[in-house]
Amino acid sequence: MKDKRILYVSSEVVPYLPETEISSMSFEAPRLVNQQGGQIRIFMPRYGNINERRHQLHEVIRLSGINLVINDLDMPLIIKVASIPKERIQVYFIDNDEYFKRKATLTDEDGSLFSDNDERAIFFAKGVIETVKKLNWAPDVIHIHGWLAALLPLYLKEYYNGEPLFNESKIVTSIYNQSFEDTLNKDMFNKIKFDNIDETAFKDLSEPSYTNLMKVAIDYSDALTIGSEVIPETLKTYLEASSKPVLEYKSKDEFGDAYTNFLNTQVLS
């Protein structure tokens, strides 16, 4: 993986949030590639429950300051950065007071999804792409982890389809069993449609369930990995029907070699 540029986009990353399958893999995969001489960038949301002082986050003024239009509203984009201790890996945090200041991640204290998670997902996808454009850093691979990041493949290939920086980028999405009940805001479909994306590209999101969100991510990815030992049967069937390269679930001990081989032979070849 020497000198390959890999962009990791995740809803959660250790050590900034508690350990889960997604947050752990969003740290382990970049660390592996970094140790092999790859060039790494990680992006995640700057949730209000991340301790900025402890993790030494600081705002990057030259990257902040633009507004992203979300459902006809201008939302300021703030970029913060930190380094994972001992790993020499930079993590970029997508921030906005309206979407990410609250002291929680995706649900309230009762476990209910935030009603604006749909807009947060759109903002996160656009924010990552706009920041990478400002960095002028063309990734060879963009690897997506977690459902809050799942709109990025759609936005990159539809909304930003004329952006030359990403012409050669391959998108890999990991499918996990870490999902949500019910659906996101039912108006999500119209908010994406507002961005002049052809509604046939995301028709499944008329019902924005976890499964349908991941189906759209699969449609717009070049390859997939399975991050949980068990995933929803519907997604398993959808993956098989997609005929795209899939890295089956691997235990922690098997993952390193299998992942490197998959990127080299199935994604970058």
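Its first residue numbered 1254, the sequence shown is counted upward by one per residue in our numbering. The C-beta atom is built at its ideal place from N, Cα and C for all residues, glycine as well. Note that the structure is predicted; figures quoted are calculated from it, not measured.
Start and end residues, alpha helix (DSSP H) containing residue i
i: Y1412; result: Y1412 -> no alpha helix (DSSP H), and no H or E assigned at all.
i: V1262; result: Careful: V1262 lies outside any alpha helix (DSSP H), inside the beta strand (DSSP E) at R1258 to S1263.
i: V1322; result: Premise fails: V1322 lies in the beta strand (DSSP E), N1320 to I1323, not in any alpha helix (DSSP H).
i: F1442; result: M1441 to K1446
i: L1466; result: Y1463 to D1472
i: F1508; result: K1505 to F1515
i: R1306; result: E1305 to H1308
Residue range of the unbroken beta strand (DSSP E) whose run includes residue i
i: V1344; result: I1342 to D1348
i: V1520; result: Per DSSP, V1520 belongs to no beta strand (DSSP E) and is neither H nor E.
i: D1327; result: L1326 to P1329
i: R1294; result: Q1292 to P1298
i: L1477; result: A1476 to I1479
Residue i in three-state terms, based on DSSP
i: E1281; result: helix
i: T1490; result: helix
i: T1453; result: helix
i: E1312; result: strand
i: I1484; result: coil
i: V1266; result: coil
i: R1355; result: coil
i: T1273; result: coil
i: F1433; result: coil
i: A1403; result: coil
i: E1372; result: helix
i: K1255; result: coil
Status (buried if at least 16 other CB within 10 Å, exposed otherwise) for residue i
i: T1478; result: buried
i: A1494; result: exposed
i: W1400; result: buried
i: E1501; result: exposed
i: R1307; result: exposed
i: L1407; result: buried
i: R1294; result: buried
Cross-strand partners of residue i (DSSP beta bridge)
i: S1336; result: Q1343
i: K1423; result: V1394
i: F1367; result: DSSP output for F1367 lists no bridge partner at all.
i: L1500; result: T1478
i: T1360; result: L1366
i: I1428; result: I1479
Residue i: CB within 6 Å of a non-hydrogen atom of the ligand HEM
i: R1355; result: As far as ligands go, the structure on display features none, and thus does not contain the ligand HEM.
Touching by the beta-carbon criterion (3+ pairs, under 8 Å), the segment 1420-1435 and the segment 1293-1305: no
Assess contact between the segment 1354-1372 and the segment 1426-1437, defined as three or more Cβ pairs (one per stretch) separated by less than 8 Å. Is contact present? yes
Is the segment 1350-1369 touching the segment 1332-1339, taking contact as three or more C-beta pairs under 8 Å? Cβ pair count under 8 Å is below three, so no.
Segment contact flag, the segment 1479-1497 with the segment 1443-1460, C-beta cutoff 8 Å, min 3 pairs: no
With a cut-off of 8 Å, do at least 3 Cβ pairs link the segment 1316-1329 to the segment 1262-1269? no
Is the number of C-beta pairs between the segment 1254-1265 and the segment 1380-1391 that are closer than 8 Å three or more? yes
Would the segment 1401-1408 and the segment 1461-1470 be scored as touching if the rule is three or more Cβ pairs under 8 Å? yes
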